[in-house]
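Peer 1: Could you have a look at this structure, given as structure tokens, before my questions?
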Amino acid sequence: MTRAITEADTSTYLEIQHFYSRQMSYLDSGDVTRWAETFTEDGVFAANAHPEPQRGRAVIERKSREMADSLAAQGIQRRHWLGMLHVDDAGDGTYLAHTYALILATPAGGQAEVRLSCTCDDVLVKTGGRWLVRHRQVYRDDLPK
Amino acid sequence: MTRAITEADTSTYLEIQHFYSRQMSYLDSGDVTRWAETFTEDGVFAANAHPEPQRGRAVIERKSREMADSLAAQGIQRRHWLGMLHVDDAGDGTYLAHTYALILATPAGGQAEVRLSCTCDDVLVKTGGRWLVRHRQVYRDDLPK
Amino acid sequence: MTRAITEADTSTYLEIQHFYSRQMSYLDSGDVTRWAETFTEDGVFAANAHPEPQRGRAVIERKSREMADSLAAQGIQRRHWLGMLHVDDAGDGTYLAHTYALILATPAGGQAEVRLSCTCDDVLVKTGGRWLVRHRQVYRDDLPK
């Protein structure tokens, strides 16, 4: 049964924060190989903005590279902020991490602006001391859930 | 005398972060009953935008329901981000938690935007292992303090 | 050699979060003396928006006072959010703390808005139980790095 993590799990909570900060810095800096490696080999990235989920590191890396190349060509720097984290222990070795996600975009020489407000629901596993995303579901607030 | 919490209080700091993430997810998802239950029975929610404070869970729940219903009718999803937390130990069993609050709004099919920037000063108590807000004071940055 | 901090360093990670929250509240409330004191005596504040770095507490305080006075005269409340923190141990007694920085501005009676999206790379030291910034490098996302 899923349960809210307790005081004793503060290090888990903190490790997940730290993991997310590194993970999103890979994406935003265009290091899509390391970004893809933050998912399990068979990790899934689903979003209500995508017609179908991205399945597996290879697909996640390819799709992210297309996006990174497109943003670079437009001279746009994106920043993904994950915050308002709360974590539940799924009781089967995985953790359910829930965050708000805010995506900002700044064009070269231009004005920073909020692009999207989302929520992000992750199934996380810890393997060999490293946290990995097994399943990510992003919901953009502007689109039907 | 109020004092900044120390290293030894890292779990307190973290528990408060976690508490806030859950608390605001209740509000933003329209679960105003659980939102109200994050205040003490006689909890007070004051804001420089309100003519008078909301006093007690019943009033907090009723006011929040009115707001939630209004936002739902307009198809607007709000997100409350609390961040930049710092905590002082009031020395009387309560903790003074200070955050910045950012409120975003996304209309269905529309563009996410920043609605308000605020600060939030809470008096928190821990009762039966649960954190609760005894007194919240929100200051919108656009209004006189 | 620089290395990512580990689980055992969760209190370090948390102390740095807490430090940043207090530090930025000093700046945003116009308490520029305490703001300057969060840097080492010879601390450096560099930014790709500045023609040259601010060197030493006295200069940092003076420059911050000019900015605080200008904002106050315009009736603008700024809020600096630091988030998405990740920390590396430099192995020489210093820590390398990397954050995203979001700057919001609210004019009196007006609309809050995002002003700038940045990254912030700090060299931090802990002296006498207090964290201090020895070197800060801010990169605005709209300007060449």
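Residue numbers (this note's numbering), protein chains in the order written: chain F, 1 to 145; chain C, 1001 to 1145; chain G, 2001 to 2145. Cβ coordinates follow ideal geometry from the N, Cα and C atoms, glycine included.
Using the C-alpha atoms, what's the distance from C/Val1125 back to C/Gly1043?
Peer 2: The residue labelled residue 1043 of chain C in the question sits at position 43 within the second sequence. The residue labelled residue 1125 of chain C in the question sits at position 125 within the second sequence. If I take the Cα positions, the gap works out to 11 Å.
Peer 1: Under 7 Å between beta-carbons, which chain F residues line up against C/Trp1081? List them in chain order, please.
Peer 2: As a working mapping, residue 1081 of chain C is identified with position 81 in the second sequence. Going along chain F in sequence order, the residues near C/Trp1081 (Cβ under 7 Å) are Gly83, Met84 and Tyr100.
Peer 1: Compare the C-beta of F/Arg22 against all C-beta atoms of chain G and say whether one is closer than 8 Å.
Peer 2: Within the first sequence, residue 22 of chain F is the residue found at index 22, counting from 1. Closer than 8 Å: yes.
Peer 1: Could you confirm whether any beta carbon from chain F is found closer than 8 Å to the beta carbon of G/Tyr1958?
Peer 2: Limits of chain G in this structure are 2001 at one end and 2145 at the other, which puts residue 1958 of chain G out of reach.
Peer 1: Tell me, which residues are paired with F/Phe45 by DSSP?
Peer 2: Start at 1 with the first residue of the first sequence, and residue 45 of chain F comes out as number 45. Per DSSP, F/Gln54 and F/Arg136.
Peer 1: Tell me the rounded alpha-carbon separation between C/Thr1127 and F/Ala101.
Peer 2: Position 127 of the second sequence, counted from the start, is the residue given in the question as residue 1127 of chain C. Position 101 of the first sequence, counted from the start, is the residue given in the question as residue 101 of chain F. If I take the Cα positions, the gap works out to 31 Å.
Peer 1: Along the region 2100-2130 of chain G, what residues have a CB closer than 9 Å to any CB found in chain C?
Peer 2: Within the region 2100-2130 of chain G, the residues whose Cβ lies closer than 9 Å to some Cβ of chain C are Leu2102, Leu2104, Ala2105, Thr2106, Pro2107, Ala2108, Gly2109, Gly2110, Gln2111, Ala2112, Glu2113, Val2114 and Gly2129, listed in chain order.
Peer 1: Exposed or buried, which one is G/His2086 when buried takes at least 16 other CB atoms within 10 Å?
Peer 2: Here residue 2086 of chain G corresponds to residue number 86 of the third sequence, with the count starting at 1. G/His2086 comes out buried.
Peer 1: Is the CB-CB distance between C/Leu1104 and F/Val114 below 8 Å?
Peer 2: Here residue 1104 of chain C refers to the residue found at position 104 when the second sequence is read from its first residue. Here residue 114 of chain F refers to the residue found at position 114 when the first sequence is read from its first residue. Contact: yes.
Peer 1: Along the chain, where does the beta strand (DSSP E) that runs through F/Gln77 open and close?
Peer 2: The residue given as residue 77 of chain F occupies position 77 in the first sequence. Counting along the chain, the beta strand (DSSP E) containing F/Gln77 begins and ends at Ile76 to Asp89.
Peer 1: Work out the CA separation of F/Val123 and F/Gly93 for me, nearest whole Å.
Peer 2: For the purposes of this step, residue 93 of chain F is taken as the residue at position 93 of the first sequence. For the purposes of this step, residue 123 of chain F is taken as the residue at position 123 of the first sequence. Cα to Cα, the separation comes out at about 10 Å.
Peer 1: Would you say G/Gln2077 and G/Thr2106 are within 8 Å of each other, going by their C-beta atoms?
Peer 2: In the third sequence, residue 2077 of chain G corresponds to position 77, counting from 1. In the third sequence, residue 2106 of chain G corresponds to position 106, counting from 1. For G/Gln2077 and G/Thr2106, yes; Cβs fall inside 8 Å.
Peer 1: Does any heavy atom of the ligand ZN sit closer than 7 Å to the C-beta of C/Leu1104?
Peer 2: Among the components of this structure there are no ligands whatsoever, and the ligand ZN is therefore not found.
Peer 1: Distance check for C/Asp1028 and C/His1080, CA to CA, integer angstroms please.
Peer 2: Stepping through the second sequence from its first residue, residue 1080 of chain C is reached at position 80. Stepping through the second sequence from its first residue, residue 1028 of chain C is reached at position 28. Going by the C-alpha atoms only, they are around 7 Å apart.
Peer 1: Note down, in chain order, every chain F residue with its Cβ under 9 Å from the Cβ of C/Ser969.
Peer 2: In the structure displayed, chain C extends from 1001 to 1145; residue 969 of chain C sits before or after that span and is not available.
Peer 1: Can you give me the start and stop residues for the beta strand (DSSP E) that G/Ala2105 sits inside?
Peer 2: If you number the third sequence from 1, residue 2105 of chain G lands on position 105. Run containing G/Ala2105: Tyr2095 to Pro2107, per the beta strand (DSSP E) assignment.
Peer 1: Could you tell me how far apart the beta carbons of F/Leu143 and F/Phe39 are, in whole angstroms, since I believe they sit closer than 8 Å?
Peer 2: Numbered from 1 along the first sequence, position 143 holds the residue referred to as residue 143 of chain F. Numbered from 1 along the first sequence, position 39 holds the residue referred to as residue 39 of chain F. Between F/Phe39 and F/Leu143 the Cβ distance is about 23 Å, and since that is not below 8 Å, they are no contact.
Peer 1: C/Asp1031 versus chain G: which residues are under 9 Å apart at the beta carbon?
Peer 2: The residue labelled residue 1031 of chain C in the question sits at position 31 within the second sequence. What C/Asp1031 touches in chain G: nothing, since even the nearest Cβ is about 25 Å away.
Peer 1: With DSSP as the reference, please indicate the residues paired to G/Arg2130 in a beta bridge.
Peer 2: If you number the third sequence from 1, residue 2130 of chain G lands on position 130. Per DSSP, G/Thr2127.
Peer 1: Give me the chain G residues within the contact set of F/Ser25, using Cβ-Cβ distance strictly less than 9 Å, ordered along the chain.
Peer 2: For the purposes of this step, residue 25 of chain F is taken as the residue at position 25 of the first sequence. The contacting residues are Met2084, His2086, His2098, Tyr2100 and Thr2119.
Peer 1: Answer yes or no: do F/Arg134 and F/Leu116 have a C-beta to C-beta separation smaller than 8 Å?
Peer 2: Along the first sequence, one-based indexing puts residue 134 of chain F at 134. Along the first sequence, one-based indexing puts residue 116 of chain F at 116. No. Outside cutoff.
Peer 1: Could you tell me which chain G residues have their CB closer than 8 Å to the CB of C/Asp1028, listed as they occur along the chain?
Peer 2: For the purposes of this step, residue 1028 of chain C is taken as residue 28 along the second sequence, with counting starting at 1. None at all; the shortest Cβ gap to chain G is about 18 Å.
Peer 1: Starting from F/Glu15, follow the alpha helix (DSSP H) in both directions and report where the run begins and ends.
Peer 2: Sequence index remark: in the first sequence, residue 15 of chain F carries index 15 (1-based). Start and end: Thr10 to Asp28.
Peer 1: Tell me the residue span of the alpha helix (DSSP H) that contains G/Thr2033.
Peer 2: What you label residue 2033 of chain G is simply residue 33 of the third sequence in a count that begins at 1. Note, G/Thr2033: alpha helix (DSSP H), Val2032 to Ala2036.
Peer 1: Please confirm if F/Gln77 has its CB atom under 8 Å from at least one CB of chain G.
Peer 2: Walking along the first sequence from the start, residue 77 of chain F turns up at place 77. It does: the Cβ of F/Gln77 has a partner Cβ on chain G nearer than 8 Å.
Peer 1: Using a C-beta to C-beta distance shorter than 7 Å, which residues of chain C count as neighbours of G/His2018?
Peer 2: As a working mapping, residue 2018 of chain G is identified with position 18 in the third sequence. Tyr1013 and His1086, listed in chain order.
Peer 1: What does G/Asp2142 reach in chain F if we use C-beta pairs closer than 9 Å?
Peer 2: Numbered from its first residue, the third sequence carries residue 2142 of chain G at position 142. Under the 9 Å cutoff, chain F gives Gln77, Thr106, Pro107, Ala108, Gly109, Gly110, Gln111 and Ala112.
Peer 1: Can you give the Cα-Cα distance for G/Gly2091 and C/Glu1041, rounded to whole angstroms?
Peer 2: Taking the first residue of the third sequence as 1, we reach residue 2091 of chain G at position 91. Taking the first residue of the second sequence as 1, we reach residue 1041 of chain C at position 41. Their backbone Cα atoms lie some 50 Å apart in a straight line.
Peer 1: Anyone know if the C-beta pair for G/Arg2003 and G/Asp2121 falls short of 8 Å?
Peer 2: In the third sequence, counting from the first residue as 1, residue 2003 of chain G sits at position 3. In the third sequence, counting from the first residue as 1, residue 2121 of chain G sits at position 121. Not a contact, by the Cβ cut-off of 8 Å.
Peer 1: DSSP has F/Asp92 in a bridge; who is on the other side?
Peer 2: Taking the first sequence and counting its residues from 1, the one referred to as residue 92 of chain F is at position 92. Answer is none; F/Asp92 lacks a bridge partner.
Peer 1: Using CA atoms only, rank isn't needed, just tell me which of F/Gly56, F/Thr119 and F/Gln111 is closest to F/Gly83.
Peer 2: Start at 1 with the first residue of the first sequence, and residue 83 of chain F comes out as number 83. Checked all of F/Gly56, F/Thr119 and F/Gln111; the closest Cα to F/Gly83 is F/Thr119.
Peer 1: Verify whether the separation of the beta carbon atoms of C/Arg1055 and C/Glu1037 is less than 8 Å.
Peer 2: Working through the second sequence from its first residue, we reach residue 1055 of chain C at position 55. Working through the second sequence from its first residue, we reach residue 1037 of chain C at position 37. Not a contact, by the Cβ cut-off of 8 Å.
Peer 1: Taking 8 Å as the threshold (C-beta atoms), are G/Leu2096 and F/Leu14 in contact?
Peer 2: In the first sequence, the residue the question calls residue 14 of chain F occupies position 14. In the third sequence, the residue the question calls residue 2096 of chain G occupies position 96. For F/Leu14 and G/Leu2096, no; Cβs fall outside 8 Å.
Peer 1: Could you check whether the Cβ of C/Thr1010 sits closer than 8 Å to any Cβ belonging to chain G?
Peer 2: By one-based count along the second sequence, residue 1010 of chain C stands at place 10. Closer than 8 Å to some Cβ of chain G, the Cβ of C/Thr1010 qualifies, so yes.
Peer 1: Give the C-beta separation of C/Gly1030 and C/Ala1068 to the nearest angstrom, bearing in mind that I take them to be a contact with Cβ-Cβ under 8 Å.
Peer 2: One-based indexing of the second sequence puts residue 1030 of chain C at position 30. One-based indexing of the second sequence puts residue 1068 of chain C at position 68. Indeed they touch by this definition, with Cβ atoms about 4 Å apart.
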